[in-house]
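K.L.:
Read left to right, the sequence shown gives residues 1 to 192 (UniProt numbering). Where is the CB? At the ideal position from N, CA and C, for every residue including glycine.
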Amino acid sequence: MAAAALTAWLGLQPGARTLRAFSTSVSPATRSLPERTSRTERLSKRKALPPRTEKMAVDQDWPSVYPAAAPFKPSAVPLPVRMGYPVKKGVPMAKEGNLELLKKTEEWEKNKTEADMEEYVWKNSSSEKNILETLLQIKAAEKKTDVNKEELLGTKEVEDYRNCVVTLKNEGENENTLSQYKESVKRLLNLT
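Next up, the structure:
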């Protein structure tokens, strides 16, 4: 019974060895294998693409290439950047593999979160909300009811305030200018 099932199963398989009418061949059709190429021939056929920097324009839109602060990528900068000390009056190192061009991320940069940076952001901050409330009260006192946020933020008072905040932050970070910082705060708060 097993032998009968085996012969029936072999007969159903494609390319099975069966006798064909008007044929003396019993073996299946011979398949020819494609000729194999050696590894060196295959490697020589591959052509290396030119560097991406050769295709890029020097005056391109740089924010699209580098949208945020990132380590230096030699493949993304089409300028012939060379940095380093030339050894024995030679040419400085090329940008590929030059460790001086890479930005090393400091520990304090890695640990920053958005919550840490909120005080430096103007949009949707408490300072902006306070200014808007104050300006809305002023406009309400002047009987102007149809005032939107964009008009208020575009006024001269808000621009002056934003510039003062930026100036205070930039000048106040140095210990040598602490007295100047205190004086500018007094001027800002009209205490002098």
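Expressed to the nearest angstrom, what Euclidean distance is found between the alpha-carbon atoms of T40 and D61?
P.N.:
41 Å
K.L.:
How many angstroms separate the CA atom of A70 from the CA atom of T37?
P.N.:
44 Å
K.L.:
If we ignore side chains and look at the alpha-carbon of each, how far apart do K149 and E54 end up?
P.N.:
47 Å
K.L.:
Is there at least one non-hydrogen atom of the ligand GTP closer than 8 Å to the beta-carbon of E106?
P.N.:
The ligand GTP is absent from the structure shown, which contains no ligand whatsoever.
K.L.:
Between S75 and the rest of its own chain, which residues show a CB-CB distance below 6 Å, the 5 nearest in sequence each way excluded?
P.N.:
The answer, listed in chain order, is R52.
K.L.:
Could you please give the first and the last residue of the uninterrupted alpha helix (DSSP H) stretch that includes V65?
P.N.:
W62 to V65
K.L.:
Report the option in L49, L132 and E106 whose CA atom is closest to the CA atom of V158.
P.N.:
L132
K.L.:
Do you know offhand how far T105's Cα is from K73's?
P.N.:
Approximately 15 Å, taken between the alpha carbons.
K.L.:
Just confirm the distance between the C-beta atoms of V147 and K139, as a whole number of angstroms; I'd bet it's less than 8 Å.
P.N.:
With 8 Å as the limit, V147 and K139 qualify as a contact, their Cβ atoms being about 5 Å apart.
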